[in-house]
Amino acid sequence: MNSSKLLSSLERPAQAAVIGAQGGIGQAVTRLLAGEGLEAVQALSRGGLSVGYHGIRTGVIDIEHEPSIAAAAEGLRDGAPLRLILVVTGLLHAAGHQPEKTYRSLDPELLARSFRVNATGPALVAKHMLPLLPKTGKSVFAVISARVGSIQDNRLGGWYGYRASKAALNQLTRTLAVELRRQKPDAICVALHPGTVDTALSQPFQGGVEDGRLFTPAYAAGRLLSVLNDLSAADSGGFFAWDGQPIPF
Ligand SMILES: NC(=O)c1ccc[n+]([C@@H]2O[C@H](COP(=O)([O-])OP(=O)(O)OC[C@H]3O[C@@H](n4cnc5c(N)ncnc54)[C@H](OP(=O)(O)O)[C@@H]3O)[C@@H](O)[C@H]2O)c1
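Numbering (numbering that gives the first Met the number 0), first residue to last: 0 to 248.
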């Protein structure tokens with residue numbers, strides 16, 4: 000009998016891994032997963048998750064450092080089949096790194112860092128963790144992308160590194176999905192847009208957000224898990240918003 004609320008379509012036994020569990024959305028998603036009745040939830044973050052939830056195992060991962068990703072993947076080999084991998088890491092701004100308003104601000108080091116965190120890192124997570132998904136039964140590899148990574152949807156410009164690295168993430172995700180379908184036909188590989196969420200990442204840019212459109216991390220996390228629950232293998236390779244609507248690449 001499956002007693003879970005949000006992830007009822009995921010076969011059991013199952014374990015889940017959250018990469019970026021210390022972030023705003025990462026913590027909220029980890030907290031929800033703790034209540035899903037999974038055999039194990041592995042919460043991976045750079046510093047090791049400081050907030051403890053019942054039923055959560057914590058571990059360390061730095062997605063800019065491949066050996067760290069490989070070591071984290073090793074820690075997922077034992078126990079219940081790995082049926083959910085959620086990559087919730089991301090970089091929009093940091094000390095000395097603000098999103099570019101104009102091409103005059105383009106800086107090769109900052110562009111490279113955006114690609115390292117937002118595109119290469121999640122792809123390397125796939126490299127080391129997709130082999131752990133079971134051969135049959137629903138399983139999910141989902142990366143949190145952003146609507147601004149949609150090339151078709153780009154009308155405002157700006158945020159060069161973030162937009163371009165998320166567009167690269169979307170293409171990597173689609174390419175992974177094509178390959179994965181041949182090996183594990185029930186597996187789903189998707190990119191998700193969480194909406195505008197009240198976290199450290201969006202904090203400096205929340206001024207123009209319409210009333211009611213700034214989501215709490217808990218709301219966004221619930222929506223994302225609900226979207227994943229409703230997806231099937233036919234949706235693999237897609238890019239979906241928090242409300243389940245497909246977003247054009
Ligand atoms: N918030 C929004 O409005 C919004 C909108 C669209 C898309 N998104 C996407 O949603 C995802 C989650 O963002 P958020 O809003 O929750 O932001 P956040 O609170 O800033 O979380 C981002 C997390 O990424 C982690 N991270 C960065 N570099 C890393 C690395 N090298 N290795 C491991 N972890 C690393 C950070 O780790 P530390 O805690 O160690 O710094 C942080 O916990 C991101 O992909 C973001 O682009 C957010």
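Built from N, CA and C at the ideal position, the CB exists for glycine as well.
At the C-beta level, Glu65 and Leu123 come within 7 Å of one another. For Ala145, the shortest C-beta to heavy atom distance toward ligand 1 is below 6 Å.
In this structure the region 198-208 lies against the region 18-37, because at least three pairs of beta carbons, one per stretch, are closer than 8 Å. Rounded to whole angstroms, Gly74 and Glu209 show a C-alpha spacing of 42 Å.
Contact annotation, Val59 with Val40: C-beta distance approximately 16 Å; criterion of less than 8 Å not satisfied. Minimum Cα-Cα distance from Glu10 among the listed residues Ala33, Leu37, Tyr159 corresponds to Leu37. In terms of Cα proximity to Ala232, the closest of Val87, Ser149, Lys183 is Lys183. With fewer than 16 other CB atoms across the displayed protein chains lying within 10 angstroms of its CB, Pro245 is exposed. DSSP places Leu91 outside any beta strand (DSSP E), giving it a letter other than H or E. By the criterion of a C-beta distance shorter than 8 Å, Phe214 is surrounded in its chain by Pro193, Gly194, Thr195, Val196, Asp197, Arg222, Trp241, once the five residues flanking it on both sides are discounted. In the three-state reduction of the DSSP assignment, Arg56 falls in the strand class, which pools E and B. The secondary-structure analysis by DSSP pairs Ala167 with nothing; it has no beta-bridge partner. Fully contained in the region 106-138 are the following alpha helix (DSSP H) runs of length 4 or more, in chain order: 107-114, 120-128.
Looking at the backbone, the Cα of Tyr159 and that of Phe114 are separated by about 11 Å. Residue environment: Ile62 is assigned as buried (16 or more neighbouring CB atoms within 10 Å of its CB, all protein chains considered). By alpha-carbon distance to Ala13, the top candidate from Gln26, Ala27, Ala33 is Ala33.
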